[in-house]
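*Asks:* Dumping the structure here so I can ask a few things about it.
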Amino acid sequence: MHPRMLEMLVCPLTKTRLTLTPERDELISVAARLAFPVVKGVPLLSLEEARTIAPEELERHTRRPDPD
Numbered sequence: 076m077h078p079r080m081l082e083m084l085v086c087p088l089t090k091t092r093l094t095l096t097p098e099r100d101e102l103i104s105v106a107a108r109l110a111f112p113v114v115k116g117v118p119l120l121s122l123e124e125a126r127t128i129a130p131e132e133l134e135r136h137t138r139r140p141d142p143d
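Residues in the sequence shown are numbered from 76 upward in steps of one, following this note's numbering.
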C-alpha cells in the first residue's frame with residue numbers, strides 16, 4: 076500500500092488514524108480495537124470485514140520501540 080494512501084485513510088467507526096501492520100496485511104484502529112484486512116493492496120474498511128483485536132495484540136501495536 077502506498078504511504079500517501081495510508082495518510083488519507085481513517086477508521087470508518089472512530090474516524091481516527093489507521094496503522095499498517097509490519098506484515099502489511101491489516102490496518103489497525105487502536106481506538107476501535109479493530110483490524111481491517113488489506114487484500115492485494117486494497118484495504119477493506121467495512122465493519123463486516125473487520126476483526127476485533129485481543130488486548131494482548133493491541134498492546135503490541137501501541138508499544139513504542141525501545142531506544143538504543
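Just so it is clear, CB atoms sit at the ideal spot from N, CA and C, and this is done for glycine as well.
Compute the beta-carbon to beta-carbon distance between Arg-126 and Ala-106, rounded to the nearest angstrom, for a pair I have assumed lies under 8 Å.
*Replies:* Actually they do not touch by this definition, with Cβ atoms about 15 Å apart.
*Asks:* Taking its Cβ as the centre, do 16 or more other Cβ atoms sit within 10 Å of Val-113, making it buried, or is it exposed?
*Replies:* Counting Cβ neighbours within 10 Å, Val-113 comes out buried, since at least 16 surround it.
*Asks:* Considering Glu-101, what are the terminal residues of the beta strand (DSSP E) in which it resides?
*Replies:* First-last of the beta strand (DSSP E) with Glu-101: 101-104.
*Asks:* Kindly indicate which three-state DSSP category Arg-79 falls into: helix, strand or coil?
*Replies:* Correct three-state label for Arg-79: helix.
*Asks:* Would you mind sorting Glu-98 into buried or exposed? The rule is 16 or more other CB atoms within 10 Å of its CB.
*Replies:* So Glu-98 ends up on the exposed side.
*Asks:* What's the C-alpha gap between Val-85 and His-77?
*Replies:* Computed Cα separation, rounded: 15 Å.
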